[in-house]
Every structure is written in C-alpha cells, then in structure tokens.
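Engineer: Encoded as structure tokens, here's the structure I'll be asking about.
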Amino acid sequence: MVHRRLNSLSTLLEIERLSVTYNINGYTLPALQEVDLHLAAGEKLGLVGESGAGKTTLAGAVMGLLPRGATIKGSILFKGKLLSPPLLARLRGREMVLIPQNVYNSLNPVLSVGQQMEDLQIEAKSPRQKRRQIILGLLEKVRLPRPQDLPGSYPHQLSGGMKQRILLAMGLSRSPSLVLADEPTKGQIGRAHV
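FYI, the numbering for the sequence shown is -8 to 185, going by this note's numbering.
Here it is, written out as structure tokens:
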C-alpha cells in the first residue's frame, strides 16, 4: 500500500492502522487489517477489490454503521477530529454521506421521490419556493433522464440505477465534504459525472 502524508490542514479523512473483526457465533472473522488511508479535501478515490475484500466494511467503519459484534482498532479522523459516536451523529447526512450498495431498501416506498427530497430541504431550512428548483437541479446534476417527471414517482416505479442516482442526489443536497458510494457503478448504464 502506498502511504502518503498530507498537510493536516488539507486532510479530510485520515485512517490509521484500522482493523475490523466480526464476532459471529463465537468465531472471529478478520475483515480489515491495519488499513491506512489519507484523503485530501477535494480528492477523489476509488477502492477496487474482490467481493468480500472489505470495501463495504471500510465505509461502514468510517460512517459508524458497522453491525453489532464488530470490533474496531485504529483511528479514523475527519477534518482532524477523531470520529466518536456523538460526532458521527452530527456529521452523518450533513458533512458525510453514504450511498449504500443496496438501494432497494434505502428509499421510503410510501413517499414519492419529491417528498423524500423535499424533507431534506425542509430540514436544511430551504425556502419553500426554492425547494422544487433545488430538487430538479440535483436530479439534473446526477443526469437522470426527464428529471421534471421524477418528483412524483415512487421507488417501485424506478430501476435500481435510477434509485442509486436519486440517493446520490439526496446525499449531495447538503453539499457534504465526504461522499462514500458503495458499488457506485452497479446498475448504471452509460456515464454519469458528479
């Protein structure tokens, strides 16, 4: 692994000697072993590996979303601060977002796409008249076809790739500093640039 030390002022995410094990039915399963990673603000990084290599576990560790029975050793710093449960609760969905691998359970099936996206705008205290404009802009940004038709759609009416782009648009609505996308090209046809 290539190890780079970045200027601490520009370091967005710093992972040092991160190890994760899962304790399942009395067995200890190592998932990550002493991972080091440094990501500068504005930098893009893709992790490539076989299924089971630990990419999802790494994202879960950063976001504080590992299942019970997981043991973490090492450190994860975001903008120079050690990620603790209270800090993660403040950052998740605002400064840090995760676009999950399984998009099928990530959207509320009884709310339209527009309602779910508008809820984020209300929480962000966007003026009512600007909400629809913001939502359409986000849907255009992730290059969804006919974005003007999507706010009235329900999740069951959309393909997996469209759901993934909608989740990305929702994540981008808060202008986060860190976006973690687990399997970002799954279900995508063609090219989408964000």
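No residue lacks a Cβ here, since even glycine has one placed at the ideal position from N, Cα and C.
What is the residue span of the beta strand (DSSP E) that P21 lies within?
Structural biologist: On the sequence shown, position 30 is the one that residue 21 refers to. P21 -> beta strand (DSSP E) spans 18 to 31.
Engineer: Helix, strand or coil for L(-3), going by three-state DSSP, please let me know.
Structural biologist: Residue -3 sits at position 6 when you count from the first residue of the sequence shown. Reliability of the predicted coordinates at L(-3) is poor, the pLDDT of 46 falling under 50, and no value is obtained from them.
Engineer: Where does the unbroken beta strand (DSSP E) through A172 begin, and where does it stop?
Structural biologist: By one-based count along the sequence shown, residue 172 stands at place 181. A172: member of the beta strand (DSSP E) spanning 169 to 172, first to last residue.
Engineer: Per the DSSP calculation, S10 is bridged to which residue(s)?
Structural biologist: What you label residue 10 is simply residue 19 of the sequence shown in a count that begins at 1. For S10, which the question treats as bridged, DSSP gives the partners K64.
Engineer: Going straight from the alpha carbon of H29 to that of G71, what length do you get?
Structural biologist: Here the question's residue 29 lines up with position 38 in the sequence shown. Here the question's residue 71 lines up with position 80 in the sequence shown. About 11 Å.
Engineer: Which parts of the segment 81 to 168 are runs of the alpha helix (DSSP H), unbroken and 4 residues or longer, counting only runs that do not cross its ends?
Structural biologist: 104 to 114, 119 to 132, 151 to 163
Engineer: Would you report the Cα separation of Q148 and S103, rounded to the nearest angstrom?
Structural biologist: One-based indexing of the sequence shown puts residue 148 at position 157. One-based indexing of the sequence shown puts residue 103 at position 112. Whole-angstrom Cα-Cα distance: 10 Å.
Engineer: Thinking C-beta only, is R156 closer than 8 Å to L135?
Structural biologist: By one-based count along the sequence shown, residue 135 stands at place 144. By one-based count along the sequence shown, residue 156 stands at place 165. Cβ atoms of L135 and R156: closer than 8 Å.
Engineer: Judging by CA-CA distance, which residue of L9, S42, G84 is the nearest neighbour of A61?
Structural biologist: Taking the first residue of the sequence shown as 1, we reach residue 61 at position 70. For the residues L9, S42, G84, the minimum Cα distance to A61 belongs to L9.
Engineer: Helix or strand or just coil, what does DSSP make of K46?
Structural biologist: By one-based count along the sequence shown, residue 46 stands at place 55. The answer is helix: DSSP assigns K46 an H, G or I state.
Engineer: I90 and V26 - do their beta-carbons sit closer together than 8 Å?
Structural biologist: Numbered from 1 along the sequence shown, position 35 holds the residue referred to as residue 26. Numbered from 1 along the sequence shown, position 99 holds the residue referred to as residue 90. Contact flag unset, no.
Engineer: Please classify L36: does DSSP put it in a helix, a strand, or coil?
Structural biologist: Numbered from its first residue, the sequence shown carries residue 36 at position 45. Coil, per DSSP.
Engineer: Considering only residues of the same chain and omitting the five flanking positions on each side of L158, which have a CB-CB separation below 8 Å?
Structural biologist: Translated into positions along the sequence shown, residue 158 becomes position 167. Result list for L158: I90, P91, V94, S97, L98, in chain order.
Engineer: Kindly confirm or deny that the segment 45 to 59 and the segment 6 to 24 touch, where touching means at least three C-beta pairs closer than 8 Å.
Structural biologist: yes
Engineer: In this structure, does DSSP put L78 in helix, strand or coil?
Structural biologist: Translated into the one-based positions of the sequence shown, residue 78 becomes position 87. Secondary structure of L78 (DSSP, three-state): helix.
Engineer: List the DSSP bridge partners of K73.
Structural biologist: Taking the sequence shown and counting its residues from 1, one reaches residue 73 at position 82. The amino acid occupying residue 73 in the given sequence is Leu; Lys does not appear at that position. Note: L73 sits in a beta bridge opposite L68.
Engineer: Quick one: is Q120 buried, meaning 16 or more other Cβ sit within 10 Å of its Cβ, or exposed?
Structural biologist: Stepping through the sequence shown from its first residue, residue 120 is reached at position 129. Flag for Q120 reads exposed.
Engineer: Using a threshold of 8 Å, state whether the C-beta atoms of G210 and L23 are closer than that.
Structural biologist: No information on residue 210 is available, as it lies outside the stretch -8 to 185 that the chain covers here.
Engineer: Using a Cβ-Cβ cut-off of 6 Å (strictly less than) and excluding sequence neighbours within five positions of Y145, which residues of its own chain qualify?
Structural biologist: Taking the sequence shown and counting its residues from 1, one reaches residue 145 at position 154. Hits under 6 Å: S103.
Engineer: In whole angstroms, what separates the C-alpha of L20 from that of N14?
Structural biologist: For the purposes of this step, residue 20 is taken as the residue at position 29 of the sequence shown. For the purposes of this step, residue 14 is taken as the residue at position 23 of the sequence shown. Approximately 6 Å between the Cα atoms of the pair.
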